[in-house]
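Have a look at the structure below before the remarks.
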Amino acid sequence: MSEFSEEVMGVVTERIEDRFQMPLADLRRAVQAAPQANPEATSVVRWYGLLAESQDALETAEDALVEALGTQSGELDDSVMELAHQVNAAVAARDGRVMVVDYLLDPLAPGKRELGAWRGADPAARRAPALPTSAPALPGTRGIPTRGVTR
């Protein structure tokens, strides 16, 4: 595993352990024993596993690219370019999974705070409009005095 990869996985592991206040191995065992006990932990462990798989795929792709580059002299052929594209795709997959784990660990992430009006919140909890509003004037009625009312 490259130094950068170790750092990425180490940071994610540390964040998980800080969030759940236990080593990742213990958290995995707890989730395996009772997956319904804490849906948040189950989700984090699942995505961490997917992240680890994509990290392994990235390392395999990088190793194949480095090996192919070692045998090339001059212009790169299509097979080497294909390996480079595989590395790029593996980086994108790994980074996407890091973002998912990061989202799952962030209690203040959008969509994780209080329920909004669109998600079934009590109508009394809805706030007033952001800007003061008044009823719109109907067309053709402006400036017409009402009977018996003086201005």
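Each residue of the sequence shown is one higher than the one before, counting from 139 in my numbering.
We put the beta carbon where it would ideally sit given N, CA and C, even for glycine.
Return the CA-CA distance between P161 and E155, expressed in angstroms with no decimal places. 5 Å
Helix, strand or coil: how does DSSP classify D215 here? D215 sits in coil when the DSSP states are folded into three classes, being neither helix nor strand.
Thinking C-alpha only, which one of A227, V183, V169, D215 is nearest E197? A227
By Cβ distance, which residues of its chain are closer than 7 Å to A273, with the 5 residues on each side in sequence left out? Excluding residues within five positions, none has a Cβ falling inside 7 Å.
Buried or exposed for R167, please, with buried defined as at least 16 other CB atoms from any protein chain shown within 10 angstroms of its CB. Under this definition R167 is an exposed residue.
Return yes when the C-beta of Q174 is under 6 Å from any heavy atom of the ligand ATP, and no when it is not. The model on display carries no ligand, and the ligand ATP is accordingly not part of it.
Grouping DSSP H, G and I as helix and E and B as strand, with all else coil, what is L189? helix
Leaving out the 5 sequence neighbours to the left and right, which residues in its chain are closer than 7 Å to A202 when beta-carbon positions are compared? L221
Between D292 and E178, what straight-line distance do the alpha-carbon atoms span, to the nearest angstrom? Absent from the model: residue 292. The displayed extent of the chain is 139 to 289, so no value can be given.
Contacting residues, own chain, Cβ-Cβ under 8 Å from W256 (five flanking each side not counted): Legend: pLDDT at W256 = 48, less than 50; position of this residue unreliable, no value from coordinates given.
Using a Cβ-Cβ cut-off of 8 Å (strictly less than) and excluding sequence neighbours within five positions of D244, which residues of its own chain qualify? K250
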